[in-house]
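Asker:
Residue numbers (the working numbering): 694 to 741.
Here you go:
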């Protein structure tokens, strides 16, 4: 992701709040597994 402008970062939709969230450096290694935008949403996740 080095050298990518902020407006061109990949986005996902949070499974709980349905809001879009952008790629972050701390998610670099596990971006494919990230499903929630925040700890709050992760705690309130919908059981499958």
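Glycine is no exception: its CB is placed at the ideal position from the N, C-alpha and C atoms.
Predicted model, so just to flag it, every value in this text is computed and none were measured.
In three-state DSSP terms, what is residue 705?
Answerer: Looking up residue 705 in the chain shown gives position 12. Three-state result, residue 705: strand.
Asker: Could you spell out the range, first to last residue, of the beta strand (DSSP E) harbouring residue 740?
Answerer: Locating residue 740 in the chain shown gives position 47, counting from the first residue. Careful: residue 740 lies outside any beta strand (DSSP E) and carries neither H nor E.
Asker: Please list the terminal residues of the continuous beta strand (DSSP E) segment that includes residue 715.
Answerer: Position 22 of the chain shown, counting from 1, holds the residue named residue 715. Note, residue 715: beta strand (DSSP E), 713-715.
Asker: Using a Cβ-Cβ cutoff of less than 7 Å, which residues in the same chain neighbour residue 729 once the five nearest sequence positions on both sides are dropped?
Answerer: Taking the chain shown and counting its residues from 1, one reaches residue 729 at position 36. The residues are 707, 708, 709, 735, 738.
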